[in-house]
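Numbering (the working numbering), first residue to last: 87 to 231.
Even for Gly, the Cβ is constructed at its ideal location relative to N, Cα and C.
Being a predicted model, the structure only gives us computed values, none of them experimental.
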């Protein structure tokens with residue numbers, strides 16, 4: 087399972103939603119229309135907010151999938167037979183929550199989202215080494231990070 091828990095919208099996605107044509111906006115469901123009315127927000131503005139949220143969720147899910155693939159590659163070299171059960175990006179805590187299955191037992195650990203961003207956005211060798219060290223610690227001790 088690869089998923090994103092929580093919500094977050096980037097400035098870029100917000101700006102893109104603001105410049106979207108009305109035809110690009112999602113159709114609001116009746117509950118969304120009611121929420122817009124209760125908040126005294128136009129349906130168009132509410133739809134723009136929904137579009138920004140959708141764009142951000144897609145990007146966060148893609149980042150989570152990319153991290154899961156990178157982690158799977160790292161696991162192949164370190165612990166053959168260990169499989170990833172879940173990778174969840176918790177946007178509230180700014181952490182990836184990972185559950186592995188190793189020797190019949192689940193192993194849970196967390197990784198800072200900023201560290202993963204450093205790896206993918208900057209290609210920082212230090213970030214890769216730190217992530218590898220966390221995985222070594224988790225695999226050798228079963229202690230969660």
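Near residue i, which residues of its chain fall below 8 Å by C-beta distance, leaving aside the five closest residues on each side in sequence?
| i | result |
| --- | --- |
| residue 106 | 134 and 137 |
| residue 146 | 90, 94, 175 and 177 |
Given a cut-off of 8 Å on the beta-carbon distance, is the pair residue i and residue j in contact?
| i | j | result |
| --- | --- | --- |
| residue 197 | residue 139 | no |
| residue 174 | residue 89 | yes |
| residue 172 | residue 87 | yes |
| residue 157 | residue 130 | no |
| residue 122 | residue 115 | no |
| residue 195 | residue 224 | yes |
| residue 201 | residue 186 | no |
For residue i, count neighbouring Cβ atoms within 10 angstroms of its own Cβ and tell me buried if that reaches 16, exposed if not.
| i | result |
| --- | --- |
| residue 227 | exposed |
| residue 212 | exposed |
| residue 207 | exposed |
| residue 199 | buried |
| residue 166 | exposed |
| residue 113 | exposed |
| residue 179 | exposed |
| residue 189 | exposed |
Helix, strand or coil for residue i? Go by DSSP, reduced to three states.
| i | result |
| --- | --- |
| residue 231 | The predicted position of residue 231 is uncertain, since its pLDDT is 47 and thus under 50; a value taken from the coordinates is nonetheless stated next. DSSP places residue 231 in coil when its eight states are reduced to three. |
| residue 177 | coil |
| residue 93 | coil |
| residue 120 | helix |
| residue 187 | strand |
| residue 193 | strand |
| residue 113 | coil |
| residue 172 | strand |
Between residue i and the rest of its own chain, which residues show a CB-CB distance below 7 Å, the 5 nearest in sequence each way excluded?
| i | result |
| --- | --- |
| residue 214 | 205 |
| residue 221 | 160 and 164 |
| residue 154 | 88, 170 and 173 |
| residue 151 | 88 |
So, at 6 Å on beta carbons, what are the nonlocal neighbours of residue i in its own chain, with the 5 sequence-adjacent residues on each side left out?
| i | result |
| --- | --- |
| residue 95 | 138, 139 and 142 |
| residue 203 | none |
| residue 103 | 134, 137 and 138 |
| residue 184 | 173 and 195 |
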